[in-house]
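See below for the structure under consideration.
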Amino acid sequence: MPRGPRAGALCLARSGLFDFRDGRAATILTASQRSKRTATATRRGALSVKLFILFNGASGHLDPEAVRTTISEVLLGAAREHEFLRVERADALPQMAALAVRNAQQARGAVVVAGGDGTINAVAQQVCGSGVPLGVVPCGTFNYFARAHAIPLATDAAARALLDGAVRPVQVGRVNGRVFLVNASLGLYPTLLEDREAYKRQYGRNRLVALWAAVVTLLREHRQIAVFAEHDGEPTALRTPTLFVGNNPLQLEHVGVPEAASLQRGRLAALAARPVGTLALLGLALRGALGRLGESQNLIHFAFRRMTVRPAQRYGPQRFKAALDGEIVWMRAPLVFEIADEPLPLLVPAPPPQQQAGSIAASAVASAESG
Numbered sequence: 008m009p010r011g012p013r014a015g016a017l018c019l020a021r022s023g024l025f026d027f028r029d030g031r032a033a034t035i036l037t038a039s040q041r042s043k044r045t046a047t048a049t050r051r052g053a054l055s056v057k058l059f060i061l062f063n064g065a066s067g068h069l070d071p072e073a074v075r076t077t078i079s080e081v082l083l084g085a086a087r088e089h090e091f092l093r094v095e096r097a098d099a100l101p102q103m104a105a106l107a108v109r110n111a112q113q114a115r116g117a118v119v120v121a122g123g124d125g126t127i128n129a130v131a132q133q134v135c136g137s138g139v140p141l142g143v144v145p146c147g148t149f150n151y152f153a154r155a156h157a158i159p160l161a162t163d164a165a166a167r168a169l170l171d172g173a174v175r176p177v178q179v180g181r182v183n184g185r186v187f188l189v190n191a192s193l194g195l196y197p198t199l200l201e202d203r204e205a206y207k208r209q210y211g212r213n214r215l216v217a218l219w220a221a222v223v224t225l226l227r228e229h230r231q232i233a234v235f236a237e238h239d240g241e242p243t244a245l246r247t248p249t250l251f252v253g254n255n256p257l258q259l260e261h262v263g264v265p266e267a268a269s270l271q272r273g274r275l276a277a278l279a280a281r282p283v284g285t286l287a288l289l290g291l292a293l294r295g296a297l298g299r300l301g302e303s304q305n306l307i308h309f310a311f312r313r314m315t316v317r318p319a320q321r322y323g324p325q326r327f328k329a330a331l332d333g334e335i336v337w338m339r340a341p342l343v344f345e346i347a348d349e350p351l352p353l354l355v356p357a358p359p360p361q362q363q364a365g366s367i368a369a370s371a372v373a374s375a376e377s378g
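Residue numbers (our numbering): 8 to 378.
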């Protein structure tokens, strides 16, 4: 239990009588301001909880201290109780995420992660199944997960969205028990991601560097992987440079794959390039950039609920290098891709007032008709 000035400040913050900025009580709120704050707290309801915020000091292209300061200013301004947990090394992230989940369970709070898709994945691994809501402040290069769920990309806007957001269940993919929110892949794609990270460390984190790294990787020689995939009872033999499993409709829509719509109905999407040469692979990459990947005859694609992948050769290597939301891991065969039984409770921005009013009216009509 905090004592002294800190305890007093915390009590005042909880009371909503003072406006806190930069950790100090700046002004006493007027009666009108207190009324507005009370109304806001009423709208927030059960979401007015303590936030345990993990932020990766090496994630994305943003200054981590600037991100922390911006989040803190927004939350202090709203008198929202919060605690930061900074992660300096990638290998410490799972342990820190587990600590944040335990603290949130004890305080009946929520975990927030500030980082890119890979950082979000590591935290979601600990959050899934815990009953704790997850909030996101995107700080990565592509931020597919945040964008797919209408979470603002600007740090201050994302922090404000945490104050009066709603909890939405989000579909989670799993492969051999490990979660993925955006995609999982084998073969060439994990190599491409490794090369991209090396280029980013040398030339900076931006999309042009990522694009150039992808072109350089595709121009090099690459192996084909031979696998036996069984999905929804249908066996398929695949020889491909890469097998990609998508769980993010926005990413698949951008490259022009029709299975993007299936992700809204409890399915995952598999994409595999046929065994083609370098020029054909570059053609696939170009089609993807133009949003027309699904039109190519050199691409195999299908939706599924559960897929098992094994090496085609029984006595060959029984391990795969895989990428889960951009993070590289080694996994033993067989690989089982499926939808997790329990969705991820994600804090998303509240809908605009007009949409809220429409939802309330629709609910009222439905209740009247059922009565």
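Think of the CB as a built atom: it goes at the ideal place given N, C-alpha and C, for glycine as much as any other residue.
{"Asked": "Beta-carbon spacing of residue 389, residue 129 below 8 Å", "Found": "The structure shown does not extend to residue 389, since the chain is modelled only from 8 to 378, so the question has no answer here."}
{"Asked": "Run of the beta strand (DSSP E) containing residue 123, from where it starts to where it stops", "Found": "Neither: residue 123 is in no beta strand (DSSP E) and is coded neither H nor E."}
{"Asked": "Beta-carbon proximity check, residue 276 vs residue 269, cutoff 8 Å", "Found": "yes"}
{"Asked": "Boundaries (first-last residue) of the alpha helix (DSSP H) holding residue 75", "Found": "71-84"}
{"Asked": "Residues bridged to residue 190 (per DSSP)", "Found": "253"}
{"Asked": "For residue 60 and residue 303, the rounded distance between their alpha carbons", "Found": "43 Å"}
{"Asked": "CA nearest to the CA of residue 283, picked from 245, 260, 273", "Found": "245"}
{"Asked": "Straight-line Cα distance separating residue 321 from residue 159", "Found": "47 Å"}
{"Asked": "Rounded straight-line distance, which links the Cα of residue 82 to that of residue 106", "Found": "21 Å"}
{"Asked": "Neighbour-count burial assignment, residue 98, 16 or more Cβ in a 10 Å radius", "Found": "exposed"}
{"Asked": "Counterpart residues of residue 243 in DSSP-defined beta bridges", "Found": "236"}
{"Asked": "Buried/exposed call for residue 133, threshold 16 Cβ in 10 Å", "Found": "buried"}
{"Asked": "Beta-carbon proximity of residue 166 to residue 144, cut-off 8 Å", "Found": "yes"}
{"Asked": "Euclidean distance between Cα positions of residue 319 and residue 164", "Found": "49 Å"}
{"Asked": "Residue 174 - containing beta strand (DSSP E), residue span", "Found": "173-177"}
{"Asked": "Exposure of residue 95, with buried meaning 16 or more beta-carbon neighbours within 10 Å", "Found": "exposed"}
{"Asked": "Alpha carbon of residue 332 to alpha carbon of residue 84, nearest angstrom", "Found": "33 Å"}
{"Asked": "Alpha-carbon to alpha-carbon, residue 290 and residue 162", "Found": "36 Å"}
{"Asked": "CB-CB length for residue 79 against residue 108, believed under 8 Å", "Found": "With 8 Å as the limit, residue 79 and residue 108 do not qualify as a contact, their Cβ atoms being about 21 Å apart."}
{"Asked": "Between the CA atoms of residue 63 and residue 253 - distance to the nearest angstrom", "Found": "25 Å"}
{"Asked": "Rounded separation between residue 261 and residue 153 - CA only", "Found": "15 Å"}
{"Asked": "Coarse secondary structure for residue 152, derived from DSSP in three states", "Found": "helix"}
{"Asked": "Burial state of residue 33, where buried means 16 or more other Cβ atoms lie within 10 Å", "Found": "Below a pLDDT of 50, predicted positions are generally treated as unreliable, and residue 33, at 33, falls in that range; the measurement from the model is reported next regardless. Residue 33 comes out exposed."}
{"Asked": "Residue environment, residue 293, which counts as buried when at least 16 other CB atoms sit within 10 Å", "Found": "exposed"}
{"Asked": "N-terminal and C-terminal residue of the alpha helix (DSSP H) that residue 110 is part of", "Found": "100-114"}
{"Asked": "Beta-carbon proximity check, residue 169 vs residue 147, cutoff 8 Å", "Found": "no"}
{"Asked": "Straight-line gap, residue 232 to residue 341 (C-alpha atoms, nearest Å)", "Found": "14 Å"}
{"Asked": "Residues near residue 295 by beta carbon distance below 6 Å, same chain, minus five either side", "Found": "262"}
{"Asked": "Which listed residue (171, 173, 189) has its alpha carbon closest to that of residue 179", "Found": "189"}
{"Asked": "Buried versus exposed, by CB contacts within 10 Å (16 or more), residue 353", "Found": "buried"}
{"Asked": "Beta-carbon spacing of residue 273, residue 346 below 8 Å", "Found": "yes"}
{"Asked": "Beta-carbon proximity of residue 257 to residue 193, cut-off 8 Å", "Found": "no"}
{"Asked": "Buried or exposed (CB count within 10 angstroms, at least 16 for buried), residue 124", "Found": "buried"}
{"Asked": "C-alpha gap between residue 87 and residue 309, whole angstroms", "Found": "45 Å"}
{"Asked": "DSSP bridge partner residues for residue 330 (one or two, in chain order)", "Found": "192, 335"}
{"Asked": "Under 8 Å between C-beta atoms of residue 191 and residue 344", "Found": "yes"}
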